[in-house]
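One structure is given here, and the rest of the page talks about it.
Numbering (the numbering used here), first residue to last: 3 to 229.
This is the structure in structure tokens:
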């Protein structure tokens, strides 16, 4: 598991003070744990972004140096961000005990090419992350999902995954990860041809070119005959 370090400083809680920190490029944060009293701290926005931009993402282990007085191993367990700038506005750090298992979300990576997809099937991905439990030092960067043997109608469930050693999945339900489904069928609507002598629906009958009945004079001739 990847590790990084991050400087932090103690802060005084308060809305107006927090806004001042944000304007200075800092992020109000809190550090807590099973046997650790909650502590209000502040960290640099850019440095946090850099820390979680590694392959481990938000699962990276962070060595927090608080005011140069103590170092605590932690991880980002929750955060809030600005809807437009995406800058962090608040972060929750969880103290990590390297000897105690924790539960985290790990991304799923699809590998291989499915024969079913080559035949026109559609890969229906239902889960992109997996909730796992393991020691902090055993958190995998990702878990592979091999689709190279999947035909149309096949699927992959949680129990089908090969988890790394020391990693377990605490799910009670054997959820579907993905499936190769048949392509959607387009309904072809074929209009029925009208029978001989009938007029197609929506068509307007026309007298143009029609021969007059036997013994009947054309309309123009009838008009002149009345003179």
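Idealized CB from N, CA, C, for every residue including glycine.
Bear in mind that the values here come from a model prediction, so they are computed numbers and not experimental data.
Taking every protein chain shown into account, the CB of residue 85 has fewer than 16 other CB atoms within 10 angstroms, so this residue is exposed. Under a 10 Å Cβ-count criterion, residue 28 is classified as buried, with 16 or more other Cβ atoms of the shown protein chains found around its own Cβ. Exposure of residue 161 is indicated by the presence of fewer than 16 other C-beta atoms within 10 angstroms of its C-beta. Linking residue 116 to residue 130 through their CA atoms gives a straight-line distance of about 17 Å.
For residue 77, the enclosing beta strand (DSSP E) begins and ends at 72-83.
The beta carbon of residue 58 sits closer than 8 Å to those of 3, 4, 141 and 143, all from its chain and outside the five residues before and after it, given in chain order.
Distance from residue 135 to residue 107 at the Cβ level is roughly 11 Å; contact not present, criterion being Cβ atoms closer than 8 Å. If you look at residue 67, you'll find it in the beta strand (DSSP E) that goes 63-68. Residue pairing by DSSP puts residue 35 in a beta bridge opposite 38. In the pairwise beta carbon analysis, the stretch 73-91 is classified as not touching the stretch 121-128: fewer than three pairs are separated by under 8 Å. Nearest neighbour of residue 15 by Cα position, chosen from 187, 51 and 40, turns out to be 40. In the DSSP secondary-structure assignment, residue 107 is bridged to 133.
DSSP places residue 177 in the coil class of the three-state scheme, outside both helix and strand. According to the DSSP assignment, residue 11 belongs to no alpha helix (DSSP H) but to the beta strand (DSSP E) extending over 5-12.
Taking one beta carbon from each stretch, the stretch 172-191 and the stretch 150-161 have 3 or more pairs nearer than 8 Å; the two touch. Contact annotation: residue 75 and residue 50 have beta-carbon atoms that are not nearer than 7 Å.
For residue 157, the enclosing beta strand (DSSP E) begins and ends at 157-159. Residue 177 and residue 133 have their C-alpha atoms spaced approximately 11 Å apart. For residue 19, the number of other beta carbons within 10 angstroms of its own is below 16, and it is reported as exposed.
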